[in-house]
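The sequence shown maps to residues 2 to 575 in my numbering.
Just so it is clear, CB atoms sit at the ideal spot from N, CA and C, and this is done for glycine as well.
Just so we're clear, the structure is a prediction, and the values are computed from it rather than from any experiment.
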Amino acid sequence: MKIEMAKNSGFCMGVRNAVIKIVEELNTSDEEIYVYGPLIHNPQTIEVLKNRGLITINSLDDIKGKSVAIRTHGIPVDESRYIKNEASRTINLTCSRVARVQSYIKKFSSQGYFTVIVGDKDHAEVIGLKSYASSGVFVVSELEDVANLPEAEKYLVVSQTTHERNHFEQVVKLIEKKNKDVHVIDTICDSTRLRQDDVHNAIARGIDTLVVVGGRNSANTTRLVKIGIDNGIKTFHVETDEELNPEDFANSKYVLVTAGASTPGWIINNVLERLYIINNTNSNFFVKLLNRYMEFFVRSNIISSIAAFLMVCIARSYGGLKFDYRHGLIASLFIFVMYTVNNYLDREFLIKSNSYKYKVYEKYGKSLLFFAIIGFFYSIYLSYSISPVMTGLFLLPYILGILYSTPQCKFFVKGLGIDFIKRLYNTKAVTGFGWLIVLVFIPYFGYKVSMLTYLSISALFFAILFMRQFIIDLVAFQGDLILGRDTLPTSLGIKRAIKMTLAIAIAGALIFSAITIYHGNWLYLLLNSSVLYYYFLLRKIKETAYLVSIRYEILIDLNFALMFLCYLATGLHF
Numbered sequence: 002m003k004i005e006m007a008k009n010s011g012f013c014m015g016v017r018n019a020v021i022k023i024v025e026e027l028n029t030s031d032e033e034i035y036v037y038g039p040l041i042h043n044p045q046t047i048e049v050l051k052n053r054g055l056i057t058i059n060s061l062d063d064i065k066g067k068s069v070a071i072r073t074h075g076i077p078v079d080e081s082r083y084i085k086n087e088a089s090r091t092i093n094l095t096c097s098r099v100a101r102v103q104s105y106i107k108k109f110s111s112q113g114y115f116t117v118i119v120g121d122k123d124h125a126e127v128i129g130l131k132s133y134a135s136s137g138v139f140v141v142s143e144l145e146d147v148a149n150l151p152e153a154e155k156y157l158v159v160s161q162t163t164h165e166r167n168h169f170e171q172v173v174k175l176i177e178k179k180n181k182d183v184h185v186i187d188t189i190c191d192s193t194r195l196r197q198d199d200v201h202n203a204i205a206r207g208i209d210t211l212v213v214v215g216g217r218n219s220a221n222t223t224r225l226v227k228i229g230i231d232n233g234i235k236t237f238h239v240e241t242d243e244e245l246n247p248e249d250f251a252n253s254k255y256v257l258v259t260a261g262a263s264t265p266g267w268i269i270n271n272v273l274e275r276l277y278i279i280n281n282t283n284s285n286f287f288v289k290l291l292n293r294y295m296e297f298f299v300r301s302n303i304i305s306s307i308a309a310f311l312m313v314c315i316a317r318s319y320g321g322l323k324f325d326y327r328h329g330l331i332a333s334l335f336i337f338v339m340y341t342v343n344n345y346l347d348r349e350f351l352i353k354s355n356s357y358k359y360k361v362y363e364k365y366g367k368s369l370l371f372f373a374i375i376g377f378f379y380s381i382y383l384s385y386s387i388s389p390v391m392t393g394l395f396l397l398p399y400i401l402g403i404l405y406s407t408p409q410c411k412f413f414v415k416g417l418g419i420d421f422i423k424r425l426y427n428t429k430a431v432t433g434f435g436w437l438i439v440l441v442f443i444p445y446f447g448y449k450v451s452m453l454t455y456l457s458i459s460a461l462f463f464a465i466l467f468m469r470q471f472i473i474d475l476v477a478f479q480g481d482l483i484l485g486r487d488t489l490p491t492s493l494g495i496k497r498a499i500k501m502t503l504a505i506a507i508a509g510a511l512i513f514s515a516i517t518i519y520h521g522n523w524l525y526l527l528l529n530s531s532v533l534y535y536y537f538l539l540r541k542i543k544e545t546a547y548l549v550s551i552r553y554e555i556l557i558d559l560n561f562a563l564m565f566l567c568y569l570a571t572g573l574h575f
């Protein structure tokens, strides 16, 4: 089964701007934020914003002295004036495309034009648009409505911004056929047009199944569904991935996935992953088994734990030290313990951001936690067997790792009010330093290793780990933004965060290369390929709007295998 993602899907410009603005308000404002009517037509996003403190009201009776946001669809003129007079602060989140239609109607109404709005009579946007028509207004929802159009000297014809283009053009032809002075302005949003074109073009290419993701109360989403049904395509309208059943796709060969303008990225990614899983159910036994174990090893952080062991091997070899399994096992257990504990405690967030990773911890969480506790004590024992002093050093990253994710630590960092400290915290640099302690400082502890060697391998590892964490955060960006999770992309913005990440990566690679060349260990320069790998993966993800998370989680950790292969290629191992 071929699965294709429509090029134009998910948040449109107006919704994206509104969500970013309201999230900023929720993050920075100490006062309650109210929105008049649902901000957008997506129940899951509304529920998340509600849990974050956004209060949706359906009446303006008690808004005096409150901060009130105007929804993306716009509201009637009199209600807008009332809010501005009564509320302490008005946050206008009306989509700029809707605002433009409002201005067209206002302008032409002042010139005596009778306004015809092609759209849904009961839609919030249309209700708001009608209030700007001071010279009369009529809404056309069906072709039959044109027969009841009141007589007027001249007409302005506009459309609801999310209306179906073909229907709009048919209505215009009927009106122009009966009337002479008709001024038509095509106000259908480009985003809406492009989504509809994607579906029409995919039908022409031969898709047999259409999956439309979005709220059932979303006009633009239901129109995408209608296009599929009208063209005889097997069509599914879902709000979440849980509504997709394997038996529905038993005979599907070519599936197009598209999404409405109010559908957040994490829901689209979950739908893609669900389809990926459904597709795998039709694979042979060994492929299904391989996929199942690969998902478990990646999402339970066993792969990361193995990677830590291998990186210790590299660090000790680079420092001219013999292999000692205890150092590798200490690092491996530390990574497994910290990630298992943090993911287990963070399950509530995973439900929304990565539901399939959540299912791993829902099913195996207690068992993983049990092994993590055993791993913690065994790693302490191993460190003590090497040196009692090392045990004290080893406890430091454990303490940092546990404190780092606590609400108290987050509250403390936020309360400091120091922007640099907050951004440093959001970069998860502390996590990188925790890795370095177990990957470099503990394996080198008690040995005569030069400071240049410490600096060199630390710079390389930090660059690789920083890039890895940034790519993970980039994949989860839209979900993190709405859910209120502080990461480097959400705090700096994607462009600035990418520049910062690349600067750190280049600096780390250059420091490592310079010192490695100085020491004459030319073969170790092959390890820089891991930095290049993440650079190209970063470029790929940046250009990909929506993705199957497990595929990219595997690709992210595949770099550890590349790193170890490069290490083996040096011939300097063990």
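For S160, there is no enclosing alpha helix (DSSP H); the residue is found in the beta strand (DSSP E) stretching over 156 to 160. DSSP, reduced to helix, strand and coil, places R82 within a helical segment of the structure shown.
Residue range 3 to 6 is occupied by the beta strand (DSSP E) that includes K3. The C-beta distance from R196 to S492 rounds to 31 Å, too long to meet the 8 Å contact threshold. Between the stretch 109 to 118 and the stretch 75 to 95 there are fewer than three C-beta pairs closer than 8 Å, too few to call the two in contact.
Under the criterion of beta carbons closer than 8 Å, A498 and F537 do not qualify as touching, at roughly 18 Å. N93 carries a strand assignment under DSSP once its states are collapsed to helix, strand and coil. With contact defined as three or more Cβ pairs closer than 8 Å, the stretch 277 to 294 and the stretch 61 to 75 are not in contact. Distance between N271 and L503, taken at the CA atoms: about 29 Å.
For L556, the CB contacts under 8 Å within the same chain, skipping 5 residues up- and downstream, are L538 in chain order. Under the 8 Å Cβ criterion, the stretch 440 to 459 counts as touching the stretch 508 to 525, having at least three qualifying pairs. In this structure, the beta-carbon distance from P490 to F434 does not fall below 9 Å.
Residue environment analysis places G521 among the exposed positions, since fewer than 16 neighbouring C-beta atoms fall within 10 angstroms of its C-beta.
Around the C-beta of S60, fewer than 16 other C-beta atoms lie within 10 Å, and the residue is accordingly described as exposed. For L511, the enclosing alpha helix (DSSP H) begins and ends at 495 to 520.
Under the DSSP assignment, I71 falls in the beta strand (DSSP E) whose first and last residues are 68 to 71. In this structure, L27 sits near G485, with a CB-CB distance shorter than 9 Å. A residue is called buried when at least 16 other Cβ atoms come within 10 angstroms of its Cβ; S368 does not meet this threshold and is exposed. When the five nearest sequence neighbours on each side are left out, the beta carbons in the same chain lying within less than 7 Å of the beta carbon of I438 are those of L397, P398, in order along the chain. The stretch 234 to 246 and the stretch 338 to 349 do not touch, with fewer than 3 CB-CB distances between them shorter than 8 Å.
The residue among A316, I443, F413, K541 with its C-alpha nearest the C-alpha of V476 is K541. As a beta-bridge residue in DSSP terms, V141 pairs with V119.
Nearest in C-alpha terms to V441, of all of E5, K449, F462, is F462.
For Y359, the enclosing alpha helix (DSSP H) stretches over residues 356 to 387. Going by beta carbons, L526 and I518 fall inside the 9 Å limit.
Per the Cβ contact rule, the stretch 213 to 224 is in contact with the stretch 143 to 163 (3 or more Cβ pairs under 8 Å). Taking a C-beta distance under 9 Å as the contact criterion, I331 and V313 qualify as a contact pair.
Taking 9 Å as the cut-off, the beta carbon of G216 is found closer than this to the beta carbon of N43. About 5 Å separates the Cβ atoms of K131 and V138, confirming a contact at the 8 Å cut-off. Nearest neighbour of E145 by Cα position, chosen from V159, K254, F169, turns out to be F169.
Distance from the CA of E248 to the CA of L276, rounded to the nearest whole angstrom, comes to 12 Å.
Between D199 and K8, the C-beta gap is smaller than 9 Å, which places the two residues in contact. For V158 against V119, the beta-carbon gap comes to about 7 Å, under 8 Å, which counts as contact. Per DSSP, the beta bridge partners of V239 are V214.
Y385 and F446 have their C-alpha atoms roughly 13 Å apart. I551 is positioned such that its CB atom lies closer than 9 Å to that of Y357.
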